[in-house]
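Student: Chains as they are written, first to last, in numbering that gives the first Met the number 0: chain A, 0 to 197; chain B, 0 to 197.
Protein chains: 2
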Amino acid sequence: MNFPTKKTQTSNFINKANLGMQLEEEINATNLYYLTKDLAVIYKKPTPVQIVKVDYPMRSKAVITEAYYKTPSTTDYNGIYKGYYIDFEAKENHNKTAFPLANIHPHQYKHLLNIYEHGGIGFIIIAWNHYSENYLLPIKALEKFWHRMENDGRKSITYLEIKENSLLIKEGYNPRLDYLKAVDYYLDSNPELIKKTI
Amino acid sequence: MNFPTKKTQTSNFINKANLGMQLEEEINATNLYYLTKDLAVIYKKPTPVQIVKVDYPMRSKAVITEAYYKTPSTTDYNGIYKGYYIDFEAKENHNKTAFPLANIHPHQYKHLLNIYEHGGIGFIIIAWNHYSENYLLPIKALEKFWHRMENDGRKSITYLEIKENSLLIKEGYNPRLDYLKAVDYYLDSNPELIKKTI
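(1) In whole angstroms, give me the CA-to-CA distance for Ala61/A and Tyr68/A.
(2) Report yes if the C-beta distance between Asp75/A and Lys109/A is below 8 angstroms; otherwise report no.
(3) Closer than 7 angstroms between beta carbons: that is the criterion. Which residues of the segment 105-119 of chain B meet it against chain A?
(4) Can you pull the chain B neighbours of Asn30/A, defined as C-beta to C-beta under 9 angstroms?
(5) Strictly under 8 angstroms for the Cβ-Cβ distance: is Pro174/A near chain B by that measure?
(6) Quick one, which residues of the segment 39-54 of chain A are near chain B if we go by CB-CB under 8 angstroms, in chain order?
(7) Applying the 10 Å Cβ sphere with the 16-neighbour rule, what's the burial state of Leu179/A?
(8) For Tyr172/A, name the three-state secondary structure that DSSP assigns.
(9) Quick check: is the beta carbon of Val62/A nearer than 8 angstroms to any beta carbon in chain B?
(10) Going by CA-CA distance only, name the one from Ile85/B, Ala126/B and Asp151/B that's closest to Thr91/B.
(11) Please confirm if Ala16/B has its CB atom under 8 angstroms from at least one CB of chain A.
(12) Which whole-angstrom value describes the C-beta separation of Leu192/A and Tyr185/A, a residue pair presumed to lie in contact below a C-beta threshold of 8 angstroms?
(13) Which residue from Thr73/A, Thr96/A and Arg147/A puts its Cα closest to that of Asp86/A?
(14) How about Ile231/A and Ala97/A: are their beta carbons less than 8 angstroms apart?
(15) Between the C-alpha atoms of Thr46/A and Leu100/A, what's the straight-line distance to the nearest angstrom?
(16) Report the partner residues of Thr157/A according to the DSSP bridge assignment.
(17) Can you pull the chain B residues whose beta carbon is under 9 angstroms from the beta carbon of Glu65/A, in chain order?
(18) Rounding to the nearest angstrom, what Cα-Cα distance links Gly119/A and Gly152/A in this structure?
(19) Please return the same chain residues whose Cβ sits closer than 7 angstroms to the Cβ of Ala66/A, not counting the five positions on each side in sequence.
(20) Which chain A residues sit within Cβ distance under 9 angstroms of Lys81/B?
(21) Going along chain A in order, which residues have a C-beta closer than 8 angstroms to the C-beta of Thr73/B?
(22) Taking DSSP as the reference, what is the three-state secondary structure of Ala66/B?
(23) Assuming Glu142/B contacts Leu112/B (C-beta within less than 8 angstroms), just tell me the rounded distance between them.
(24) Comparing the C-beta of Thr84/B with each C-beta of chain A, is any distance below 8 angstroms?
(25) Identify, in the order they occur along the chain, each residue of the same chain with its Cβ nearer than 8 angstroms to the Cβ of Lys154/A, setting aside the five sequence neighbours on each side.
(26) Touch check for the segment 22-39 of chain B and the segment 168-175 of chain B: three-plus C-beta pairs under 8 angstroms?
(27) Have a look at Asn30/B and Gly78/B and give me their C-alpha separation to the nearest angstrom.
(28) Quick one: what's got a C-beta closer than 7 angstroms to Lys95/B's C-beta in the same chain, skipping five residues either side?
(29) If we ignore side chains and look at the alpha-carbon of each, how far apart do Lys195/A and Phe144/A end up?
(30) Using only CA atoms, which one of Asn150/B, Tyr80/B, Leu135/B and Lys139/B lies nearest to Tyr36/B?
(31) In chain B, which residues lie less than 7 angstroms from Asn77/A when you measure between Cβ atoms?
(32) Give the DSSP-derived three-state secondary structure of Thr7/A in the structure shown.
(33) Go through its chain and collect everything with a Cβ distance to Thr64/B's Cβ below 8 angstroms, but skip five positions before and after it.
(34) Just mark Leu159/A as buried or exposed, buried being the case when its beta carbon has 16 or more other beta carbons within 10 Å.
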């Protein structure tokens, strides 16, 4: 679809914002499906907010009148699947050729590695918007690219590397983004990539 | 310590508010201890807030100017311990003789039972302020009192019942509230009370 030139920038902005919401909405809808089908119990954590001022108007509920967004200390999603503790972060990638590691906070990376060391399942979901593809990258696969960056190598993961080191998540109507299928695949074939036996 | 009569009510109010914060602070300090000692990775979830209005003042960070507290859909704390998914709610009890079940939202009760069914460890921590005691009540022990309430029985758990069905949590300097010791006890002696083998 072609937009008139004048509107292009606004439209792009809106599209990107929509795509940003889209991944979160797709995961939330998928989690609701898993919950309803009794397959897993996985929730998005609330956005952390520093509350500074609260008003208590007469006969109505408390109104927060001054608050600030805080940096999350962990990841966006966690829960339980097949008895395993599950923990992940979901990221949109608007870049065509590579996924910049700056998308992941160092404390989130460390948190996911920590989860792995404690016997949990940690990964990131990357929505590669340019190709409308979603990938599940296990924390132990992410680790080698992180180490490369720390050793002054490239600060991103190329599209080819993502294809080689992560699993394409099947999209559908319901569930929208069946990422637990990818978890199943790893549990069956490469458990050491997502789960440490303790 | 005796306060002048006129101030007693205010002081009581402040004391109770402090006690309310105290349990949360004690658990947070304990979780930090567990994290630092690499024993468990357990965090408090952020308070869920419905954000309505956000201002973006020039050259400063976004200010939330209208927001409301939302009812949490799950519990306050979750994480991983010894490879197990851990999930719990912490409640102050200001009542001397019984713990009113109204302190627990029905969806929180259902959530904890659900965690149990999926092989996780679910419980509530009750701070019995009158006796300065803290108890860990496994979800399957809570279940029978919940059923009693649903069958038109009493809507609370008596102090004696708590003593018989939960474990007193040892208090100390660091960790402040060593609740994982109570989890260990149940895992060793009554695993069916907190964890279902799946």
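Yeah, the Cβ is synthetic: ideal placement off N, Cα and C, and Gly gets one too.
No experiment lies behind these values; they were computed from the predicted model shown.
Tutor: Reading off the structure:
(1) 19 angstroms
(2) no
(3) Asn113, Ile114, His117, Gly118 and Gly119
(4) Simply none; closest approach about 11 angstroms.
(5) no
(6) Ala39, Val40, Tyr42, Lys44, Pro45, Thr46, Pro47, Val48 and Ile50
(7) buried
(8) coil
(9) yes
(10) Position check: residue 91/B holds Glu in this sequence, whereas Thr was assumed. If we check each option's Cα against that of Glu91/B, Ala126/B comes out closest.
(11) Caution is warranted here: a pLDDT of 44 is assigned to Ala16/B, below 50, making its placement in the model unreliable, and no coordinate value can be reported.
(12) 6 angstroms
(13) Thr73/A
(14) As shown, chain A starts at 0 and ends at 197. That puts residue 231/A outside it, with no answer to give.
(15) 22 angstroms
(16) Ala97/A
(17) Val62, Ile63 and Thr64
(18) 29 angstroms
(19) Val48, Gln49, Ile50 and Val51
(20) His117, Gly118 and Ile197
(21) Tyr42
(22) strand
(23) 7 angstroms
(24) Looking at the sequence provided, one finds Tyr at residue 84/B rather than Thr. Yes, its Cβ sits closer than 8 angstroms to a Cβ of chain A.
(25) Pro99, Leu100, Ala101 and Met148
(26) yes
(27) 10 angstroms
(28) His129
(29) 19 angstroms
(30) Note that residue 36/B is Lys in the sequence shown, not Tyr. Taking only the C-alpha atoms, the option nearest Lys36/B is Tyr80/B.
(31) Asn77
(32) Note on Thr7/A: pLDDT 38, under 50, position unreliable in the model; the coordinate value appears next. Residue state, collapsed to three classes: helix.
(33) Lys52, Val53 and Asp54
(34) exposed
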